[in-house]
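This note's numbering applies: residue 19 is where the sequence shown begins, and numbers increase by one.
Using N, Cα and C, we set each Cβ at its ideal position, and we do this for glycine too.
Note that the coordinates shown come from a computational prediction; the quantities given were computed from them, not determined experimentally.
Have a look at the structure below, then the notes.
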Amino acid sequence: MLFSISSHTPTSQFIQISLELDRIGGEETILQLPAWRAGRYQLADYAQNIRNFSVVDSDGNLIGFEKKSKNQWKIKPANSLKISYEYWAGKMDAGSAWVDDQQVYLNLVNCCFEVLGREEEEINLKLLLNDYPEQVSTLFPISKSVWKASNFQMLADSTLLAAKAITHWSYVIQEAQFHIWIHGEIYFDPSNFLSHFQSFTAQLIQDFGEFPEKEYHFIFQLLPYTHYHGVEHRRGTVITYGPSKNLIDPAEMEELLGVSCHELYHAWNVCRIRPQELLPYDFSKETYTNAGLILEGVTTYMGDLYLLKSGVYDFNTYAKHLEKIIARESTHQGWKNYTIAESSFDLWLDGYQTGIPDRKVNIYSRGALLSFCLDILLIKQNSSLSKIMTKMWNTFGKPMKGYRMIEFEQLIQEELSVTEEIDEFFREFVHGKKDLFPFLKTCFEVVGGRLEEQPDNDHLLTHYGVRIADHNEIIQIHPDSPAYSLLMRGDQIMDQKNLGEELNLKISRKGRSIDLLIQKGIKSYYPSFSLQFVQETPEQIRWRT
Ligand SMILES: [Zn+2]
């Protein structure tokens with residue numbers, strides 16, 4: 019089975035792909051194009067980027083085919099088949115495909131067919147791209163322009179980049195070879211960058227005990243325009259970042275290091291430690307999972323924590339990044355209506371869009387704060403979330419055996435001598451809808467931290483729970499505020515008069531003028547939070563080292 023890739027007219031952004039199949043027998047061949055990709059639990063329907071599909075046999079005779087569904091093609095029997103099509107590579111992000119005069123960059127899950135019934139066969143991939151001499155892939159190399167995937171799952175978990183120029187650095191930690199490939203302009207000090215990568219990689223490998231692969235590729239797309247995205251693969255990651263010139267600023271570099279450590283953590287968690295419903299990936303349709311807390315919550319928390327543990331972040335820098343996650347969480351009330359498990363299941367519905375008001379929680383930010391609390395509960399009993407994840411690696415990741423959410427909880431319970439607190443935690447915050455913030459404060463106290471609320475300077479937001487955007491349009495109303503039963507999202511404030519304990523508002527509701535008196539709330543809404551570590555405790559030392 020061989021995929022060949024060329025690009026006749028790069029500026030059209032179409033690439034030409036052929037798939038050669040032999041040993042067909044008298045059977046019809048069914049080709050399935052993935053409808054989604056690993057790491058993004060949302061239908062992408064890549065088939066919409068395909069055109070000019072045709073099939074011939076070894077003598078060049080046209081072979082008939084028909085589409086069975088939007089993502090599936092059925093081809094008539096022949097001795098061997100050559101399937102040709104064009105794929106539009108016009109979306110630059112860490113999980114898509116892009117072609118221009120400088121590069122051909124493909125995530126293979128976008129554009130390579132799964133041949134049903136032959137999923138376990140070895141697949142070769144050949145690049146016919148002489149104009150792009152620098153070529154790299156997370157697949158296994160066979161020769162300069164040929165790579166091998168052991169089966170379709172591996173192919174679909176891989177990416178390739180062919181370009182006019184790529185910068186390459188590498189390092190070795192405990193016999194695993196790490197490559198850094200950079201496409202784009204570099205505005206930072208390479209030696210510092212490399213030493214940070216070595217530090218967090220070494221710390222992760224030390225705690226997990228080993229690296230899952232012999233080789234790993236960080237592929238960076240440093241772009242001249244604003245971008246920030248990362249996607250995990252078993253043998254590497256693609257990270258987009260821009261504007262690249264901003265990386266001269268240490269605060270911007272922290273963000274790049276943050277996403278890099280996050281993606282490397284995925285080499286264990288998600289790429290190998292994976293819920294059973296996602297093992298193997300069924301790319302033909304939605305695959306529901308309630309494990310978002312572990313998939314992205316634990317990874318988001320651990321990605322940053324390992325930058326602290328490895329000394330890449332100092333304590334203040336770490337606290338600043340945690341504060342940002344807290345800020346993101348504090349502006350939403352979705353936890354009142356939906357648990358993280360429910361929000362995880364519904365990623366397919368609205369996981370990657372703003373969605374309706376206060377319906378769901380964010381598995382990344384909510385999940386990270388829950389993971390922090392879990393870590394503290396474990397640290398209090400002389401264990402840690404790192405130790406649990408190492409157990410997850412040994413029990414599930416290493417043998418590539420899918421886990422169930424309940425098995426993660428059981429693993430934690432087995433680790434502890436007293437389980438009441440952890441049972442309550444799962445009941446109230448993971449499977450329940452209790453306010454996490456009071457508990458979060460007590461967890462920070464354990465490690466000498468103080469999480470303090472400060473009322474926002476915005477009078478309307480703080481006292482009335484009303485957030486406005488451009489043109490005084492109301493975009494959010496706190497459900498506990500008196501304003502919630504008077505104002506609507508989309509109302510436009512034309513005039514306001516502060517009457518002390520009340521507010522007189524003149525609003526336009528879809529062109530209709532309304533005059534309202536709104537009571538001040540009994541509490542302040544949407545406060546901002548500051549996090550400070552005021553003293554060192556034994557738990558803090560165990561946590562951050
Ligand atoms: Zn992630």
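Beta-carbon proximity list for residue i, same chain, < 6 Å, skipping 5 on both sides
i, result
"Tyr319", "Ala386, Ser389, Phe390"
"Phe13", "Only positions 19 to 563 of the chain appear in the structure, and residue 13 is not among them; the question remains open."
"Glu138", "Asn169"
"His496", "Gly483, Tyr543"
"Ala167", "Ile141, Leu157, Leu173"
"His186", "Trp199"
"Gly82", "Lys94"
"His197", "Ser188, His235"
"Gly44", "Pro95"
Neighbourhood of residue i by C-beta, 7 Å cutoff - its chain only, sequence neighbours within 5 removed
i, result
"Asn617", "This structure cannot speak to residue 617, because the chain is shown only from 19 to 563."
"Gln50", "Asn89, Gln90, Phe131, Glu132, Leu134, Ser302"
"Asn70", "Tyr103, Glu104"
"Leu535", "Glu520, Asn522"
"Glu281", "Gly248, Glu250, Thr255, Ile257"
"Lys398", "Val464, Glu557"
"Trp54", "Gln60, Leu61, Ala62, Phe301"
Member of the options whose CA lies at the smallest distance from the CA of residue i
i, options, result
"Met564", "Leu311, Gln510, His245", "One cannot answer for residue 564 here, as it falls past the ends of the chain, which runs 19 to 563."
"Arg468", "Thr372, Leu99, Leu523, Leu340", "Leu340"
"Tyr105", "Gln34, Ile532, Ala167", "Gln34"
"Thr29", "Asp118, Ser328, Lys405", "Asp118"
"Tyr324", "Trp411, Asp225, Met410", "Asp225"
"Gly260", "Arg253, Val277, Glu250, Glu152", "Val277"
"Ala107", "Ala56, Asn89, Asp149, Leu179", "Leu179"
"Lys459", "Gly202, Leu365, Leu549", "Leu549"
"Gln351", "Ala337, Lys451, Gly539, Arg445", "Lys451"
"Ala181", "Ile540, Tyr189, Pro151", "Pro151"
"Tyr421", "Leu143, Cys289, Asn70", "Cys289"
"His251", "His284, Asp149, Ser217", "His284"
"Tyr234", "Asp476, Ile101, His245, Phe215", "Phe215"
"Thr563", "Leu326, Pro473, Gln171", "Leu326"
"Ser503", "Leu517, Ala115, Lys538", "Lys538"
"Glu470", "Gln171, Val552, Gly202, Ser161", "Val552"
"Ala183", "Trp54, Ser161, Asp175, Asn148", "Asn148"
"Ile511", "Pro500, Lys528, Ala501, Asn490", "Asn490"
"Glu295", "Ala56, Ile48, Asn355", "Ala56"
"Leu124", "Val154, Glu427, Ala96", "Val154"
Unbroken alpha helix (DSSP H) run spanning residue i, endpoints
i, result
"His284", "268-286"
"Tyr336", "333-348"
"Asp111", "Where Asp111 is concerned, there is no enclosing alpha helix (DSSP H), given that its DSSP letter is neither H nor E."
"Asp368", "365-368"
"Tyr319", "317-327"
"Trp165", "Per DSSP, Trp165 belongs to no alpha helix (DSSP H); it is in the beta strand (DSSP E), 164-167."
"Trp187", "Unbroken run through Trp187 is the beta strand (DSSP E), 185-191; no alpha helix (DSSP H)."
"Trp561", "556-562"
"Ala174", "170-174"
"Thr460", "455-464"
"Ile440", "438-443"
Rounded Cβ spacing between residue i and residue j (contact assumed at less than 8 Å)
i, j, result
"Ala112", "His247", "4 Å"
"Leu173", "Cys130", "6 Å"
"Arg507", "Ile492", "6 Å"
"Ile381", "Glu314", "5 Å"
"Leu39", "Leu99", "5 Å"
"Glu433", "Ser401", "5 Å"
"Gly329", "Ser217", "6 Å"
"Val379", "Trp411", "Contact flag wrong, Cβ pair sits at about 26 Å."
"Ser383", "Arg346", "4 Å"
Cβ shell of residue i (< 8 Å), same chain only, five flanking positions each side left out
i, result
"Glu270", "Asn264"
"Leu146", "Ser22, Ile23, Ser24, Ser163"
"Tyr370", "Arg58, Gln60"
"Lys232", "Glu193, Ala194, Gln195"
For residue i, the first and last residue of its enclosing beta strand (DSSP E)
i, result
"Thr47", "47-50"
"Gly651", "Residue 651 cannot be examined here, being either before or after the span of the chain that is shown, 19 to 563."
"Asn70", "68-74"
"Lys524", "520-527"
"Ala65", "That residue, Ala65, is in no beta strand (DSSP E); it is neither H nor E in DSSP."
"Ser531", "530-537"
"Tyr259", "254-260"
"Pro159", "158-161"
"Arg468", "467-472"
"Ser383", "Premise fails: Ser383 lies in the alpha helix (DSSP H), 383-398, not in any beta strand (DSSP E)."
"Gln431", "Looking at the DSSP string, Gln431 is not in any beta strand (DSSP E); the run it does join, the alpha helix (DSSP H), is 423-433."
"Met410", "Premise fails: Met410 lies in the alpha helix (DSSP H), 403-410, not in any beta strand (DSSP E)."
"Thr177", "177-181"
"Ser155", "152-155"
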